[in-house]
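Q: Numbering (the numbering used here), first residue to last: 1 to 375. Just so you know, even glycine gets a beta-carbon here, dropped at the ideal spot from N, CA and C. All values reported here derive from a predicted model rather than from experimental measurement. Please find one structure pasted underneath; my questions will follow.
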């Protein structure tokens, strides 16, 4: 690599790293406990707990649980009702002051699927605070887009670091740490080693994080194009009365055989049209459980209007959400994710140290140009 090219890439790596470092540290620090949010919620008593059903017990219908939820929250309406990813014996009900109410105003209550007993509110406790800091720093959609931009800058920093890795480490054996050198050189070697070790993970987590910040624009794009075209023929007026949830679910399950319910979106919510129920079905294995198939049903009659195959960009979003937190392979994958997250914190911290150390060095006596670019 020519010296001028190396200097350009070094500047790109230095400044993209500096711009994103503080925000990436926030994401890594908040993301670490979020990897284990199920386990932490259970340990702190925030996870819903229900009694094991007796042998042969049958689950209540969604209509019955919906009625219980509305009785518990008078004056509100149901936006979504669905099963829990972690426990099939739990039903989550989202209520709000209006069917198009803001997500932050929704109350999520969990119910025993067999008895209808309320198990308390979901989404409370310290994990909710960390999740808000991690996703939008309490700034809503603008905060999500900003954090997505920082994630994109982080990806540029990774790519530029890879470009610089080979030219300036080719004379060293892999994983060499030059202990006899200055502290800065030792940290530079560790920075290079840990950075290249976490390369693939950093690209994957950074990429999925950027995709996740675009969830709302992606959903709006789908609603305004494909979904709008599908429901245009049946009209978009809100239903005068709502069909039974049990009828809606039964028709949806016949339209998507071999699949299970994930959630039902009520007419007027962001996941469907103003007239239709959107029943989102899922598969029954680790991958297909994350890939949803929407079934649109008439809000008044419960008749199936269409079965939708989601576009590729929404499928990518659905896969990226659990992958971002290592929520695919159980505890072993979570532990690996946590270790790599910790290593990334060291990479970010060492990069900041190297930049400060080089500035201090330059602010002293004049020094000849270093052959090793700043990280």
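Look at residue 46 and residue 110 and say whether their C-beta atoms are less than 8 angstroms apart.
A: Here residue 46 is taken as the residue at index 46 of the chain shown, counted from 1. Here residue 110 is taken as the residue at index 110 of the chain shown, counted from 1. Against a cut-off of 8 angstroms, the Cβ pair of residue 110 and residue 46 comes out as no contact.
Q: Taking 8 angstroms as the threshold (C-beta atoms), are residue 323 and residue 208 in contact?
A: For the purposes of this step, residue 208 is taken as residue 208 along the chain shown, with counting starting at 1. For the purposes of this step, residue 323 is taken as residue 323 along the chain shown, with counting starting at 1. The answer is yes: Cβ separation under 8 angstroms.
Q: Using C-beta distances below 8 angstroms, list every residue in its chain close to residue 311, excluding the 5 sequence neighbours before and after it, in chain order.
A: As a position in the chain shown, residue 311 is number 311, starting the count at 1. Cβ neighbours of residue 311 beyond the five flanking positions: 222, 226.
Q: Using CA coordinates, which residue listed in 204, 297, 280, 284 is at the minimum distance from residue 248?
A: Along the chain shown, one-based indexing puts residue 248 at 248. Residue 248 has its Cα closest to that of 297, out of 204, 297, 280, 284.
Q: For the beta strand (DSSP E) that residue 260 lies in, which residues bound it at each end?
A: Here residue 260 corresponds to residue number 260 of the chain shown, with the count starting at 1. 260-265 is the extent of the beta strand (DSSP E) around residue 260.
Q: Considering Cα atoms alone, identify which of 76, 84, 91, 133 is closest to residue 105.
A: Counting from 1 along the chain shown, the entry for residue 105 is found at position 105. Considering only alpha carbons, the answer is 76.
Q: How far does the beta strand (DSSP E) with residue 96 in it extend, from its first residue to its last?
A: On the chain shown, residue 96 is found 96 positions in, with the first residue counted as 1. Where residue 96 is concerned, the enclosing beta strand (DSSP E) stretches over 90-96.
Q: Answer yes if the region 155-162 comes into contact with the region 46-59, meaning at least three C-beta pairs across the two stretches below 8 angstroms, and no otherwise.
A: No, the region 46-59 does not touch the region 155-162.
Q: Rounded to a whole number of angstroms, what is the C-alpha to C-alpha distance between residue 19 and residue 150?
A: Against the chain shown, residue 19 aligns to sequence position 19. Against the chain shown, residue 150 aligns to sequence position 150. Each residue's Cα considered, the two are about 8 angstroms apart.
Q: Exposed or buried, which one is residue 119 when buried takes at least 16 other CB atoms within 10 Å?
A: The residue given as residue 119 occupies position 119 in the chain shown. Residue 119 should be labelled buried.
Q: I'd like to know whether the C-beta atoms of residue 262 and residue 83 end up nearer to each other than 8 angstroms.
A: Numbered from 1 along the chain shown, position 262 holds the residue referred to as residue 262. Numbered from 1 along the chain shown, position 83 holds the residue referred to as residue 83. Cβ distance < 8 angstroms, so residue 262 and residue 83 count as in contact.
Q: What separation, rounded to the nearest whole angstrom, lies between the Cα atoms of residue 271 and residue 241?
A: Counting from one through the chain shown, the residue named residue 271 turns up at place 271. Counting from one through the chain shown, the residue named residue 241 turns up at place 241. Approximately 19 angstroms, taken between the alpha carbons.
Q: If I measure Cβ to Cβ from residue 25 and keep anything under 6 angstroms in the same chain, skipping five residues before and after, which residues do I get?
A: Counted from its first residue, the chain shown places residue 25 at position 25. Closer than 6 angstroms at the Cβ level, and outside the excluded window around residue 25, lie 348.
Q: Determine the burial state of residue 166: buried for a count of at least 16 other Cβ atoms within 10 Å of its Cβ, exposed for fewer.
A: Numbered from 1 along the chain shown, position 166 holds the residue referred to as residue 166. Counting Cβ neighbours within 10 Å, residue 166 comes out exposed, since fewer than 16 surround it.
Q: Helix, strand or coil for residue 63 per DSSP?
A: Your numbering for residue 63 matches position 63 in the chain shown. Three-state DSSP puts residue 63 in a helix.
Q: Where does residue 2 fall in DSSP's three states?
A: Taking the chain shown and counting its residues from 1, one reaches residue 2 at position 2. Three-state result, residue 2: coil.
Q: Alpha carbons only, please: which of 146, 244, 95 is nearest the one belonging to residue 121?
A: Counting from one through the chain shown, the residue named residue 121 turns up at place 121. Checking every option, the nearest Cα to that of residue 121 belongs to 95.
Q: Could you spell out where the beta strand (DSSP E) holding residue 278 opens and where it closes?
A: For the purposes of this step, residue 278 is taken as the residue at position 278 of the chain shown. It spans 276-282 - the beta strand (DSSP E) in which residue 278 sits, taken as one unbroken run.
Q: Rounded to whole angstroms, how far is the Cβ of residue 198 from the Cβ of residue 16, which I believe are closer than 8 angstroms?
A: Taking the chain shown and counting its residues from 1, the one referred to as residue 198 is at position 198. Taking the chain shown and counting its residues from 1, the one referred to as residue 16 is at position 16. Not quite, the Cβ-Cβ distance comes to about 16 angstroms (not below 8 angstroms), so this is no contact.
Q: Whose C-alpha, out of 352, 357, 2, 333, is nearest the C-alpha of residue 164?
A: The sequence position of residue 164 within the chain shown is 164, counting from 1. The option with the nearest alpha carbon to residue 164 is 2.
Q: Could you give the DSSP three-state label for residue 7: helix, strand or coil?
A: Translated into positions along the chain shown, residue 7 becomes position 7. DSSP places residue 7 in helix when its eight states are reduced to three.
Q: Do residue 90 and residue 48 have their C-beta atoms closer together than 8 angstroms?
A: For the purposes of this step, residue 90 is taken as the residue at position 90 of the chain shown. For the purposes of this step, residue 48 is taken as the residue at position 48 of the chain shown. Against a cut-off of 8 angstroms, the Cβ pair of residue 48 and residue 90 comes out as a contact.
Q: Return the CA-CA distance between residue 42 and residue 35, expressed in angstroms with no decimal places.
A: Position 42 of the chain shown holds residue 42. Position 35 of the chain shown holds residue 35. Roughly 14 angstroms between the two C-alpha positions.
Q: Exposed or buried, which one is residue 285 when buried takes at least 16 other CB atoms within 10 Å?
A: Numbered from its first residue, the chain shown carries residue 285 at position 285. When all chains shown are included, residue 285 counts as exposed.
Q: Do you know whose CA, among 305, 134, 73, lies nearest residue 256's CA?
A: Residue mapping note: residue 256 aligns to position 256 of the chain shown, counting from 1. For residue 256, the nearest C-alpha among the options comes from 305.
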